[in-house]
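Trainee: Sharing a structure here in structure tokens format.
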Amino acid sequence: MSTLPRRVLIVGAGLAGARCAEMLRAQGFNGRITIVGDEAQPPYERPALSKSLLAGIRDEHQILLRKPSFWAEREIDLVLSTRVAAVDIATRTATIESGTTFVWDALVLATGATARPLPGQVPEGVHTLRSLSDALALRDELAPGVRLVVVGAGFVGTEVASTALALGVDVVLVEAGEGPLERVLGGEVSSLLAERYRSYGIDLRLESRLSHFLTDSTGRLRAVALTDGVLLPCDVAVVALGAVPESPAIVGLTKGGAVETDACGRTAVPGVYACGDVASAWRPALGLTVRVEHWTNAAGQATAVAHSILGDNVPHDELPYFWSDQFGLRLQHVGHAERWASAEIDGGLDSFAVTYRGADGQPLATLLANRTDEIGAVRQLLTDARLAA
Numbered sequence: 021m022s023t024l025p026r027r028v029l030i031v032g033a034g035l036a037g038a039r040c041a042e043m044l045r046a047q048g049f050n051g052r053i054t055i056v057g058d059e060a061q062p063p064y065e066r067p068a069l070s071k072s073l074l075a076g077i078r079d080e081h082q083i084l085l086r087k088p089s090f091w092a093e094r095e096i097d098l099v100l101s102t103r104v105a106a107v108d109i110a111t112r113t114a115t116i117e118s119g120t121t122f123v124w125d126a127l128v129l130a131t132g133a134t135a136r137p138l139p140g141q142v143p144e145g146v147h148t149l150r151s152l153s154d155a156l157a158l159r160d161e162l163a164p165g166v167r168l169v170v171v172g173a174g175f176v177g178t179e180v181a182s183t184a185l186a187l188g189v190d191v192v193l194v195e196a197g198e199g200p201l202e203r204v205l206g207g208e209v210s211s212l213l214a215e216r217y218r219s220y221g222i223d224l225r226l227e228s229r230l231s232h233f234l235t236d237s238t239g240r241l242r243a244v245a246l247t248d249g250v251l252l253p254c255d256v257a258v259v260a261l262g263a264v265p266e267s268p269a270i271v272g273l274t275k276g277g278a279v280e281t282d283a284c285g286r287t288a289v290p291g292v293y294a295c296g297d298v299a300s301a302w303r304p305a306l307g308l309t310v311r312v313e314h315w316t317n318a319a320g321q322a323t324a325v326a327h328s329i330l331g332d333n334v335p336h337d338e339l340p341y342f343w344s345d346q347f348g349l350r351l352q353h354v355g356h357a358e359r360w361a362s363a364e365i366d367g368g369l370d371s372f373a374v375t376y377r378g379a380d381g382q383p384l385a386t387l388l389a390n391r392t393d394e395i396g397a398v399r400q401l402l403t404d405a406r407l408a409a
């Protein structure tokens, strides 16, 4: 674009959308900024949903990214409880479900992802966890002695199981694979985590799949049925089978549900950008286009998009990083390793480090458990290895 835009429309009021708007103002942009979000709440910390908010340690006001007055003070228009129904590239307009149309010069897609939907009718007592309203509804059901079945031992499922257990809930954790977090962290680490979960009192059912739900005469959940015929009586269930990108209403812009961008968040359509969980971005250092569903990535991509809108090239190419708190462990993962030749584990159940190496012996990623003081050195080691490759 030959001139800077005057009207920026951001679709999605999560961390990525909020950070992009903040950065635009911080960099001196004085045009109109509108954020349209489908939830009723202003931007908030999504990682807290399965941890501190679910545990009751923090409430919905304490997890807001900014005070409610912040947005008006910076002349950022928040349009909440609203979905964008259609986008017209030719006229540079976006229409919301009420029929109102927004005109934009720059469009930022920060629509995030949604919990993978369940087929068929879902009875009362069965939950997914992706939004603040999801978390509040689940929190209302968790009390000492309640029987909970969690289906899916990824990060959301294991964090919910950990939080619920600390609340005095009886937890059964069901996983279709051979171990928790196995796809991301590998079999050796998965076995270590499985041992720790069981030591905390989790009933861990591996290589087990959800078949259907059983209900009582009122339609309320009473049991989860597995495909092997096992029935798990329960009062509440959480289905955590991953998330899918919330595809925007632009034909031809998505691939596999995600929006592909360059390292600066630009899509193939001039004036249209994407960041956060919906974006699959080019990482020069990795030589890959990857979609990363984590907090630091959303923030970094949003910053890159803001700079792009202002005509600057500031690519987001940091080492991927994510963390998880569960069962007394602070897990921190740095780097990117979809495949690895070896995983070297140092330590035991309470504190360990895992180095993932490629076939050439070079480190690709590292997982730290309760070793927060080592994160800086690990990040530097991986950065140096990447530069030397």
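Start counting the sequence shown at 21; every next residue gets the next number (this note's numbering). Note that CB positions come from ideal geometry on N, CA and C, so glycine has one too. Bear in mind the structure is a predicted one, so any value in this text is a computation, not a measurement.
1. Excluding the 5 residues preceding and the 5 following arginine 240 in the sequence, name in chain order all residues of the same chain whose CB lies nearer than 8 angstroms to its CB.
2. Quick check: alanine 105 and isoleucine 83, are their CB atoms within less than 8 angstroms of each other?
3. Using the beta-carbon count (16 or more within 10 Å), is isoleucine 329 buried or exposed?
4. With a threshold of 16 other CB atoms inside 10 Å of the CB of histidine 493, please say whether the residue is buried or exposed.
5. Does the distance from the C-beta atom of leucine 388 to that of alanine 373 stay below 8 angstroms?
6. Quick check: the Cα distance between proline 335 and valine 189, rounded to an integer number of angstroms?
7. Can you give the beta carbon distance from alanine 245 to valine 171, rounded, assuming they're within the 8 angstroms contact cut?
8. With a threshold of 16 other CB atoms inside 10 Å of the CB of glutamate 93, please say whether the residue is buried or exposed.
9. Would you mind stating whether valine 279 and leucine 129 have Cβ atoms separated by less than 8 angstroms?
10. Return the first residue and the last residue of the alpha helix (DSSP H) that valine 109 is part of.
11. For glycine 199, which of Val192, Val209 and Val191 has the nearest alpha-carbon?
12. So what's tyrosine 341 in DSSP terms, helix, strand or just coil?
13. Report yes if the C-beta distance between leucine 383 and threonine 392 is below 8 angstroms; otherwise report no.
14. So the beta strand (DSSP E) aspartate 190 belongs to, where does it begin and stop?
15. Quick one: Cα of proline 63 to Cα of valine 204, how far?
16. Which word fits isoleucine 77, buried or exposed, when buried means at least 16 other C-beta atoms lie within 10 angstroms of its C-beta?
17. Under 6 angstroms Cβ to Cβ from aspartate 97, same chain only, skipping five residues before and after it: list those, please.
18. Does leucine 351 pass the burial test, meaning 16 or more other C-beta atoms within 10 Å, or should it be called exposed?
19. Can you tell which of Ala41, His147 and Ala305 has its C-alpha closest to the C-alpha of leucine 407?
20. Taking 7 angstroms as the line, does the beta carbon of arginine 45 fall inside it for any heavy atom of the ligand MN?
21. Taking only the alpha-carbon atoms, compute the straight-line gap between valine 289 and alanine 157 and give it to the nearest angstrom.
22. How about arginine 229 and valine 192: do their beta carbons lie closer than 8 angstroms?
23. In terms of DSSP beta bridges, what is glutamate 280 paired with?
24. What does a CB cutoff of less than 7 angstroms around alanine 361 pick up in its chain, not counting 5 residues either side in sequence?
25. Identify which residue in Thr323, Ala133 and Pro25 has its Cα closest to the Cα of proline 265.
Mentor: With the structure as the only source:
1. Pro143, Glu144 and Gly145
2. no
3. buried
4. The first residue shown for the chain is 21 and the last is 409, placing residue 493 beyond what the model contains.
5. yes
6. 45 angstroms
7. Actually they are not in contact, since the Cβ atoms of alanine 245 and valine 171 sit about 11 angstroms apart, beyond 8 angstroms.
8. exposed
9. yes
10. Sequence check: residue 109 is isoleucine here, not valine. It is not in any alpha helix (DSSP H) - isoleucine 109 carries neither H nor E in the DSSP assignment.
11. Val209
12. strand
13. The residue asked about is misnamed: residue 383 is proline in this sequence, not leucine. Not in contact: proline 383 and threonine 392 (Cβ atoms no closer than 8 angstroms).
14. 190 to 195
15. 28 angstroms
16. exposed
17. Thr54
18. buried
19. Ala305
20. Of ligands this structure carries none, so the ligand MN is not represented either.
21. 39 angstroms
22. no
23. Ser300
24. Arg377, Gly378 and Ala379
25. Ala133
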